[in-house]
RNA sequence: GGGCCCGUAGCUUAACUGAAUAGAGCAUCUGACUACGGAUCAGAAGGUUGGGGGUUUGAAUCCCUCCGGGCCCA
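Residue numbers (the numbering used here): 1 to 594.
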């Protein structure tokens, strides 16, 4: 790794010149206006060298140039030492990537981790927010896999509670036995329809009661349809066979619908957890905590945890009637998962940032209960997706449905593909598949390129873009390279490692691309450390952009020098495969033609 | 009442965790070969990084304060 070597050389130089050691070597990419690729910021070193920043920079530059063997030239601007790495070194770096098909893929380390994402309710279909959630979780899982982890992808499905009983109640009253088959609707959509139906009826009944002088709060409880839903929830808890049957039938419809959506999204799971089987967990753990003295009981019998020493407040874990709260379940589920997968060192929870407090508390509690792995639990907190009209609200019907959005993206992609007419020899089926790849690529890239922590804006009109900083731009670059490689094969040009050795100098555009290719592994590590697919998205865009610049500046096949020609083909190959790998980390596929 | 997050070009965003003239894309304007794919490339214009103060050789980044937006806990 070039950066590592450079750092070591710089440390040696400082030791030799000033008889001092530097901990932090501040290396950064050189600004475009100066010659060089790596820049050493010399201000901090000037402090220990007891000389001015410029002189310090010059001395280090001189030393490196004569002693290191990798620095060809240097220039000093103010306190910045710009280093020009010799082309031989760049070519060597390229060669090591080229000759290693496993570049950027860490062999299995034996480490294991769990990533949770999606985690929907079963009363309504998936929406735009779930898309961001799923793509993020899936991508982080992919990044960790590439880092050598064995990753277990899970979700917890909120399949019980009043919300699904509302859909059940409405279906019972107005459904007339309607099923996905009889209606031709996707199961999750059908159940969602009855959830809306419930809400509409409930509102009407509340209004009626209010007109009779009942208070709003009372009216909401007394509305007959609400009473029915509550009654069904009680029946469910008593395990009434008829209620359980309807419950599992309707949930079954939803799962079939979700399955179709996940499949199209290209995400999957290794294990599913259901709240109906986990909601009673955790109570024993909490009681154990009371015995151990990490929790305490109040006079009314409720159990609390005191987090004031951690800068938070007191939090209830069991109500006075002994019933659980959400936190209790989450404690139980976390422990269950570590029993199911004893080798995992931690869990990543992909959940919106409104739950930040909840997870902070959860991890603290798990730590107090003595679980070491609590330290390795991470809340992958992401911001809401806003619409130009503001927040998505199901009650106001402003929710962007996941299936609809994917349809729309693919449709735009297909229209564009046909208009450009570059793939005339393709069958309809092939065009469909390609459009799916492009449409979903655009959507995933759009949702992943922004820092997960940030709240993001989704404008349905402007977000469907296929030019510029988008997934299709990168897919296009890949397809274009593939076209070059086909031509090279047809011309019988076959690059090999030996021919690379005959290349002595590089064009600036080539150096830039190699610089980017060389960054892949460190960007991958950074993305893992930060749990941020956005870092990969930014990286792969930069790489594609650099390659396109090279492509425009240098006509590859005009080259008469055979070694150079072969080098450029090899170079294009490596770029394509790096693009392919990086995009795969985002869950995006790249085409051969488009 | 207590706590957390955010504010960067008209819009969407980046900045390697304190470094050079704050990078991109969209939109606007100008240009690109009979050549390997124009979903591309080159260029112009667009910024008091919400306001003010402080620390520092150096601040979008750290501290204080005010303004504006979002979220959580009781």
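Note that the Cβ used here is the ideal one computed from N, Cα and C, for glycine as well.
C-alpha of residue 31 to C-alpha of residue 529: approximately 26 Å in a straight line. DSSP, read as helix, strand or coil, puts residue 306 in strand. Going by beta carbons, residue 154 and residue 272 fall inside the 8 Å limit. Residue state for residue 28 is assigned as strand, using DSSP reduced to three classes.
For residue 350, the beta-bridge partners assigned by DSSP are 380. Residue 171 is positioned such that its CB atom lies no closer than 8 Å to that of residue 138.
Secondary structure note for residue 82: its beta strand (DSSP E) is the uninterrupted segment 80-85. A direct Cα-Cα distance of roughly 53 Å separates residue 418 from residue 331. Cβ neighbours of residue 49 within its own chain (closer than 6 Å, five residues either side excluded): 18, 56.
In this model, residue 152 and residue 338 are separated by some 11 Å (Cα to Cα).
At the C-beta level, residue 380 and residue 531 come within 8 Å of one another. Annotation: residue 167 to residue 254 spans about 11 Å, alpha carbon to alpha carbon.
Separation of residue 268 and residue 540 (C-alpha to C-alpha, rounded to the nearest whole angstrom) is 24 Å. Spatial neighbours of residue 83 in its own chain (CB-CB distance under 6 Å, excluding positions within 5 residues in sequence) are listed in chain order as 36, 38, 71, 74. Of the candidates 551, 231, 438, 329, 438 places its Cα closest to the Cα of residue 587.
Counting only runs of 4 or more residues that sit fully inside the region 403-455, the alpha helix (DSSP H) segments are 428-448, in chain order. Judged by DSSP in its simplified three-state form, residue 150 adopts strand.
Counted as a single uninterrupted DSSP element, the stretch harbouring residue 583 is not any beta strand (DSSP E) but the alpha helix (DSSP H) occupying residues 562-585. Exposed is the label assigned to residue 502, since fewer than 16 other Cβ atoms lie within 10 Å of its Cβ. Under the three-state reduction of DSSP, residue 459 is assigned to coil, being neither helix nor strand. Distance check between residue 447 and each of 11, 169, 265, 198 places 265 closest, using alpha-carbon atoms only. Between residue 232 and residue 169, the C-beta gap is smaller than 8 Å, which places the two residues in contact.
Residue 467 sits in coil when the DSSP states are folded into three classes, being neither helix nor strand.
Counting along the chain, residue 292 sits inside the alpha helix (DSSP H) bounded by residues 283-292. Looking at the DSSP output, residue 20 sits in no beta bridge, so it has no partner there.
Close CB contacts of residue 572 within its chain, under the 6 Å cut and outside five residues either way in sequence, are with 481, 484 (chain order). Within the same chain, and ignoring the five residues on either side of residue 568 in sequence, the residues whose Cβ sits closer than 6 Å to its Cβ are 556. For the alpha helix (DSSP H) assignment, the uninterrupted runs of no fewer than 4 residues enclosed by the region 181-228 are, from N- to C-terminal side, 187-211, 216-222.
The beta carbon of residue 554 lies closer than 7 Å to those of 507, 509 in the same chain, with the five residues before and after it left out.
Less than 8 Å separates the beta-carbon of residue 126 from that of residue 258. Put simply, the backbone Cα of residue 470 is about 11 Å away from that of residue 544. The region 97-112 makes no contact with the region 239-253: fewer than 3 CB pairs, one atom from each, lie closer than 8 Å.
Contact between the region 292-307 and the region 365-384 is present, with at least three C-beta pairs closer than 8 Å.
Remark: C-beta atoms of residue 478 and residue 576 approach each other more closely than 8 Å. The beta carbon of residue 297 is closer than 8 Å to those of 290, 303, 304 in its chain, skipping five residues each way along the sequence.
It is roughly 50 Å from the alpha-carbon of residue 183 to the alpha-carbon of residue 314.
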